Structures are given as C-alpha cells and as structure tokens.
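One structure is given below, encoded as structure tokens.
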Amino acid sequence: MSEPVIEVEDLWFSYGVEPVLEGISLRVERGDVLGLIGPNGSGKTTLLKLIVGLLPLQQGTIRLFGQELRRFRERARLGYVRQRSWDFERNFPASVEEIVRMGRVPRLRWGRWSRADTEAVERAMRAVHVAELRARPISELSGGQQQRVFLARVLAQEPEILLLDEPTAAVDPKVEAEFYELLGRLNREQGLTIVLVSHDIEAIVTQVTKIACLNRKLLFCGTPQECLASDLLERVYAGKKLVRHQHSWG
Ligand SMILES: Nc1ncnc2c1ncn2[C@@H]1O[C@H](COP(=O)(O)OP(=O)(O)O)[C@@H](O)[C@H]1O
Ligand SMILES: [Mg+2]
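Here it is, written out as structure tokens:
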C-alpha cells in the first residue's frame, strides 16, 4: 500500500507581487525517490523551503505524514540539505566525526548524548563509507568525500524523508554519478524517501522513481521514462543542452 508522506495541494507562493509558485499539487509516497527538475529560478528551492517550514505558507495546503504542516512538530523526521551548503562548509574547522555528530543534535533528548545517539552517528558514517575518515579534518578531504560526510551528517538525524537541494553542484560527473548511486542504495536498503533537486535529468534518471518538472507551475509529474519520451525537456529547457560533461562518463 502506498502511503503519502508529502502532500502538496494548490500551493501558491510569492516573494513580492509576482507568484513564483502557481497552484502546485504534488504527492510523494513512502519509498519514492522524486527528482525535482526545472530551469534556474523555476521555484525548486522555494518549494523545498515551504515543505521544510523555512518559508511561511501563504496559500494552499501541505501535509507531512498526513498531518497539516501548521500542526507538524516532528521536524527531525525531515532531513534537509540546503543548496550550496557544501560550498559554505568545506573549510569548517572540524573533523569528519564532529561534523556528522552535529547532524544528530535535532534528535538529542534534553541535549544529552545517549548510546543510541552515538550508534546512529556510527551507522550514518558507515552507510556512506566515511567511518575510516572520522579523525580527518573536513578541509583536507576531496570534494566527493566531503559530500559523503555532509550526507552522513543528515543521515545521523535518522530522517524518514531526505530533501536535497542540488547536492552535486560542486563535484565532477563521475563523483556525481556515484553520489546518486549511493542515494539509490539508501532508498532500496533503508527505505528512505528522497526528494532531490537537480537541473540535470540525465544524471538522476537511473536512480529516481518519479520526476517532477517545475517552472512556476508543475509541468509534469511521472516516471522518468515518460518524461524522457515526451517533448517536455525540449520545451522547458528550450534547446539548452541538458547533458553536462557527457564525455567523461563511465
Ligand atoms: N529571498 C528571495 N526574495 C525574493 N525573490 C526570491 C527569493 N528567493 C528566490 N526568489 C525568486 O523566486 C524565484 C524562484 O527561485 P528559486 O526557488 O530559488 O528557484 P530555483 O531553486 O528553481 O532556481 C526566482 O525568480 C528567484 O529570483
Ligand atoms: Mg535552487
């Protein structure tokens, strides 16, 4: 049975006069990997921020795990990684383990570390293969390693839904492909529901179960095969080349 974990209904939002989201309705079910695509400025980040409660709801409905967003208090069930966070935090003076432990803070009871918390941090580091790097300063790692550390940090929170805003912007295509494979594996093995923003459908197509395409309005929501078979990408991206760095794949 499918269980909706995010339900968005007729959502509108504007920062000023012009709406940047117009009547968005979207449903994410438990176990989905949803790739959210769309050109720059199409409202992808705005939509994620509304879902995680970083922007106020103006018009429309959002339900999380069947509960109205207004009443929803269990924020730690959502793990959010904001756009370009990796760029900002690369030079942070901390070890891998310290960074991953920070991700556990939303789950601490009375601010105290229990054995369960320490175990969650260990599991998160092992899941993305950074346990052996635990003592290393983050600034000394490669881009791909850093990216896995920041993934471990949000996994330490043990979220049921992971929302990632353009997580691979700063790494080369091979590392990017490996990262998406890793997300696919977390989905299959741990049942993690994932919402992933990308502007590169080719990079995510093999790992996602659904594609939603946004350009202020929701233009498409369906399987990646349906998306690729349609002329949607042509229309939305107006002939702009979507496939980056294809030569260096494989
Ligand atoms: N804080 C803000 N204040 C005013 N306008 C904003 C703000 N953030 C984003 N916008 C505008 O809203 C639109 C959607 O932005 P965004 O959600 O960041 O799109 P995307 O993530 O798809 O690139 C863009 O036109 C952008 O310029
Ligand atoms: Mg964005």
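If you're matching positions, the sequence shown starts at 326 in our numbering and goes up one per residue.
Virtual Cβ for every residue (Gly too), placed ideally from N, Cα, C.
Fair warning: this is a prediction, and the values are worked out from it, not measured in the lab.
Reducing DSSP to helix, strand and coil, say where residue i ends up.
i: Val421; result: helix
i: Arg388; result: strand
i: Pro549; result: helix
i: Phe397; result: coil
i: Arg434; result: strand
i: Tyr340; result: coil
i: Arg541; result: coil
i: Thr518; result: strand
i: Arg426; result: helix
i: Glu328; result: coil
Rounded to the nearest angstrom, how far is the Cβ of residue i from that of residue j, given a contact under 8 Å?
i: Lys542; j: Gly348; result: 6 Å
i: Gly516; j: Gly356; result: 6 Å
i: Gly368; j: Val345; result: 5 Å
i: Glu332; j: Arg388; result: 4 Å
i: Leu476; j: Val453; result: 5 Å
Counting along the chain, where does the beta strand (DSSP E) carrying residue i start and finish?
i: Val430; result: Premise fails: Val430 is in no beta strand (DSSP E) and is neither H nor E.
i: Gly360; result: Val358 to Ile362
i: Val406; result: Leu403 to Val406
Take residue i as the anchor and find which of the options has the nearest alpha-carbon.
i: Glu491; options: Val330, Leu351 and Leu361; result: Leu361
i: Asn512; options: Glu501, Gln532 and Tyr562; result: Gln532
i: Val358; options: Leu557, Glu485, Pro498 and Asn540; result: Glu485
i: Val496; options: Lys374, Ser467 and Val520; result: Ser467
Could you give the first and the last residue of the continuous alpha helix (DSSP H) run that contains residue i?
i: Val446; result: Arg440 to Ala452
i: Glu527; result: Ile526 to Ile529
Inset, instruction - Please go through the region 459–516 and give each complete alpha helix (DSSP H) segment of 4 or more residues, from N-terminal end onward. - result: Here the runs fully enclosed are 468–481 and 498–515.
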